[in-house]
Amino acid sequence: FYNDKIRIQRQKYCEMESEMEDALKNREFLMYLQPKISLITGKIYGAEALVRWKHNGEIRMPNDFLPIFEENGFIKRLDEYIWNEAAAYIAKIQKESFDLPVSVNISRYHITNTELEKTLSEIAERNGIENKYLELEITETLFIKNIAGLYKKMGELKERGFVIEM
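According to the working numbering, the residues represented by the sequence shown are 9 to 174, in order.
Dropping the structure here:
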């Protein structure tokens with residue numbers, strides 16, 4: 009049976025795939041920060057990095073593009089871009105004498121990537137920050153498959169001084 013909704017969805021998918029490389033090169037992916045506030049003190053103790061895609065004056069939300077990028081593997085490059093943006097932000101505010109850890113998401117793709125620890129350490133080093141300020145948020149969807157591999161990877165990251173959040 010013909011379903012126009014499927015055709016429109018597929019067209020949108022293909023459009024985003026054709027635009028993703030230029031979007032990364034043109035810095036259309038933006039890092040937004042969501043503050044983490046202590047319920048006890050009411051003070052900000054950190055932030056979470058969120059990604060948005062600004063394209064032709066429109067803001068695309070993660071649910072519109074992340075599933076596509078996870079499927080086609082582009083998530084690796086987008087995640088590393090956002091990790092670097094977060095590390096650069098941390099370095100910038102540390103120069104202003106303000107220490108604020110920023111949480112970044114680790115996608116399922118990266119858990120099986122053997123270079124994860126090295127990549128994150130290099131990003132922190134390149135930006136002149138300690139690993140502990142780039143906090144790593146592990147989502148519950150990562151627990152579905154390969155729990156042993158996930159725990160091993162988390163242990164390796166903790167050994168390098170990264171903070172793991174769930």
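Positions of the beta carbon are idealized from the N, C-alpha and C atoms, including for glycine.
Note that this is a predicted model, so its numbers are computed, not measured.
- The beta-bridge partner set that DSSP reports for Gly54 consists of Lys44.
- When the five nearest sequence neighbours on each side are left out, the beta carbons in the same chain lying within less than 6 Å of the beta carbon of Leu41 are those of Ala55, in order along the chain.
- Between Asp30 and Glu36, the C-beta gap is smaller than 9 Å, which places the two residues in contact.
- CA-to-CA, the gap between Glu93 and Leu38 works out to about 9 Å.
- Taking the Cα positions, Glu88 is about 31 Å away from Ile14.
- Asn139 counts as buried, since at least 16 other C-beta atoms from the protein chains shown sit within 10 angstroms of its C-beta.
- Taking the CA atoms as reference points, Gly157 sits about 15 Å from Glu167.
- DSSP places Phe37 in the strand class (E or B) of the three-state scheme.
- Taken through DSSP and simplified to helix, strand or coil, Arg168 comes out as coil.
- For Ser105, DSSP assigns no beta-bridge partner whatsoever.
- Secondary structure at Ser115: coil, using DSSP grouped into helix, strand and coil.
- With 16 or more other Cβ atoms from the protein chains shown falling within 10 Å of its own Cβ, Ser111 counts as buried.
- Annotation for His118: Leu124 place their beta carbon closer than 6 Å to its own, counting only its chain and skipping 5 residues before and after.
- The DSSP-derived three-state label of Glu66 is strand.
- In the displayed model, Ile137 falls within coil according to three-state DSSP, outside both helix and strand.
- Rounded to the nearest whole angstrom, the C-alpha separation of Gly81 and Glu104 is 37 Å.
- If you look at Glu123, you'll find it isn't in any beta strand (DSSP E); DSSP assigns it neither H nor E.
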